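Take a look at the structure set out below.
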Amino acid sequence: DLMNWEFTNICSDGGSYGGHPRGYGTYPKVLGRYVRENGWFDLEKAVYKMTGLPAKNIGLKHRSHLLIGNFADVVIFNPNTIIDKATTINSIAISEGIESVFVNGQLVYINGKTTRYRSGEFLQGPAYKINEMNVELTNYLKSETGENEPGIALLVRKDGNVLYEKGFGLVNLETKDEITAHSSFRMASVSKQFFAAAILICQENGLVNVKDYITKYISNNHLEGITVENLIHHTSGISDYYNQAFEEWDDSRNHTNTDMIKFFEQSYPEPYFQPGEKWEYCNPGYELIVTIIEKASGQDIYNFMDEHIFHPLGMNESQIFEGIIDFHCPQRVKGYTKNAGEFVEDDYTFLNGIIGAGGIYTSLNDYSKWLNSLDNQTLLSAKSMEMMYEPARLNDGSIANVDDMTLKDFIFPDKSKYRSYGYGWVVTKGDESIIAHSGSWVGFRNYVFRNVDSGVDIIMFSNRGSASEDYWFHNVMKKIDKTILSQ
């Protein structure tokens with residue numbers, strides 16, 4: 003149990019003088035005995051506890067990130083054979099299963115023998131302390147989350163390093179499980195950035211061109227003149243059908259994207275405007291995006307997202323809603339809404355199975371991996387990443403202006419060159435470049451804020467479906483000390 007605690011680091015005495023078994027086999031013992039033989043945790047978690055977690059805890063910026071220009075210590079080993087051999091009798095016995103070790107680019111060990119190069123000395127950094135921002139945030143969020151209530155999960159990062167990561171309140175009011183960084187929330191509209199990335203993956207693989215008319219993939223005369231990019235940018239003019247669906251559709255069964263497609267074939271609502279003429283937030287557009295991904299790839303959206311996004315990024319706490327009320331998702335959070343002073347479950351409607359406008363569940367832990375992949379361009383090419391953050395343009399070439407997005411008054415600069423929409427992100431250029439999005443559906447409200455210039459990320463997921471969480475997020479933004487974030 004101790005080894006599995008989130009804050010347990012795995013370190014060694016490798017830099018100490020003299021012989022000691024720990025200096026010749028801590029990591030091989032963990033990888034060979036605890037991971038391979040005992041199965042206490044997986045290889046990925048073990049490596050993180052040896053690298054990223056200690057680096058984060060002692061304030062070593064840019065360590066544990068494999069990027070061009072960064073210093074890197076690299077160990078090449080065989081996970082099937084690595085094992086420690088050092089004992090108290092023979093404290094300097096070399097471990098097996100390690101091919102080579104590089105320290106800051108220098109080969110220091112190969113095939114059981116050291117080279118003439120030695121590892122560097124450890125440099126002591128500033129003392130680690132809990133800063134005032136962390137204390138203030140914790141006290142505030144504790145005071146706002148009552149006992150036995152749903153709550154929130156908050157993540158604050160600076161240049162990819164986690165400054166604050168904590169959960170408050172309950173995952174489920176019946177089980178009393180507490181919210182942590184590994185609790186999976188329904189993302190609502192924050193899901194759009196994932197599906198926008200998926201269409202870019204399709205384009206990179208030659209399956210889709212975002213300039214294509216969508217009738218190439220969906221046979222429907224009502225949808226003529228609309229491009230894939232119109233759907234992504236919310237410039238399609240397609241009318242929302244949700245109000246009509248709640249009034250007329252059969253609420254005794256779960257509906258899917260197939261039902262949405264049939265609706266547009268049989269009863270297409272009058273469009274708001276001609277494609278590319280204006281901007282209007284459009285949930286059905288992203289639901290059509292999912293249908294295009296499925297048609298172009300030959301895979302259902304569940305398998306596509308697993309194969310191309312979740313699995314490659316190690317997002318093991320993420321998946322798409324499966325269309326049943328009690329679908330299984332690791333550490334799934336239930337949604338709630340306050341009614342007459344009491345929190346009641348608000349986790350499902352018969353439209354939950356229509357995927358694209360929302361539908362993804364993820365955790366702070368997994369979402370941080372997602373952000374890292376965007377920053378490091380490990381999933382998408384540089385060209386695709388540029389497209390993701392480019393503002394939408396209308397037919398006349400002007401930038402599509404976004405005026406009515408949630409939280410716009412305080413998560414974007416007051417004096418903006420533009421506030422527009424990219425690929426699943428609201429993009430703002432002013433004194434600072436900011437990308438952000440919010441998401442609200444049933445008993446969930448989520449907020450994602452990224453200051454591109456300062457490298458600050460603020461992520462808040464909540465299973466309390468009420469407008470008070472807008473106020474929470476506003477206060478969290480104000481309480482994050484900018485002087486601390488700029489250090």
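Taking the working numbering, the leading residue of the sequence shown gets 3, the next gets one more, and so forth. The beta carbon of each residue, even a glycine, is placed where N, CA and C say it ideally should be. Model, not experiment: these values are computed from the prediction.
Residue pairing of K115 in beta bridges, as defined by DSSP: I112. In the three-state reduction of the DSSP assignment, Y449 falls in the strand class.
Every beta strand (DSSP E) stretch that sits fully inside the segment 147–198 and reaches 3 residues is listed by chain position as 154–160 and 163–170. In this structure the segment 262–274 does not touch the segment 305–312; the number of beta carbon pairs closer than 8 Å is below three. Boundaries of the alpha helix (DSSP H) harbouring T28: T28 to K31, taken from the DSSP string. In the structure shown, the three-state DSSP call for V292 is helix. The three-state secondary structure of K87, taken from DSSP, is coil.
Taking the Cα positions, G171 is about 13 Å away from N141. Residue pairing by DSSP puts K340 in a beta bridge opposite F345. Boundaries of the alpha helix (DSSP H) harbouring H235: V230 to H235, taken from the DSSP string.
In the DSSP assignment, K431 falls within the beta strand (DSSP E) that extends over V428 to G432.
Sixteen is the threshold: when 16 or more other Cβ atoms of the shown chains lie within 10 Å of the Cβ of R188, as they do, the residue is buried.
A residue is called buried once 16 or more other Cβ atoms fall within 10 Å of its Cβ, and S400, having fewer, is exposed. The beta-carbon separation of V210 and I201, rounded to 6 Å, stays under the 8 Å limit for a contact. Take G457, set aside five residues on each side of it, and the residues of its chain with a beta-carbon closer than 7 Å to its own are K160 and D161, in chain order.
If only complete runs of 3 or more residues are kept, the segment 341–406 shows the beta strand (DSSP E) at 344–347 and 362–364, in order along the chain. DSSP places D472 in the helix class (H, G or I) of the three-state scheme. DSSP, read as helix, strand or coil, puts A48 in helix. Sequence-distant partners of N477 (beyond 5 residues in either direction) whose C-beta falls short of 8 Å from its own C-beta, in its chain, are Y142.
Around the beta carbon of Y449, a 10 Å sphere encloses 16 or more other beta carbons of the protein chains shown; the residue is thus reported as buried. I482: not part of any beta strand (DSSP E); DSSP gives it neither H nor E. Shown here, Q321 sits in a strand according to DSSP, grouped into three states.
Straight-line spacing of the CA atoms in H330 and Q321 works out to 10 Å. Pairing E289 with N259 gives a Cβ-Cβ distance under 8 Å. Counting other Cβ atoms within 10 Å of its Cβ, G153 reaches 16 or more and is therefore classed as buried. Contact annotation, A88 with Y26: C-beta distance approximately 4 Å; criterion of less than 8 Å satisfied. Within a 10 Å sphere around the beta-carbon of H310 sit 16 or more other beta-carbons, which makes this residue buried. The straight-line gap separating the alpha-carbon atoms of G99 and D253 is approximately 59 Å. In this structure, the straight-line span from the alpha carbon of E249 to that of F352 is close to 12 Å. For A247, there is no enclosing beta strand (DSSP E); the residue is part of the alpha helix (DSSP H) that begins and ends at Y244 to E250.
For I436, the enclosing beta strand (DSSP E) has its first and last residue at S435 to W443.
Contact between A57 and L33 fails: their C-beta atoms lie close to 18 Å from each other, not under 8 Å. In this structure, R421 sits away from V444, with a CB-CB distance that is not shorter than 8 Å.
Residue environment analysis places P314 among the exposed positions, since fewer than 16 neighbouring C-beta atoms fall within 10 angstroms of its C-beta.
F275 carries a coil assignment under DSSP once its states are collapsed to helix, strand and coil. When secondary structure is reduced to three states using DSSP, R38 falls in the helix class.
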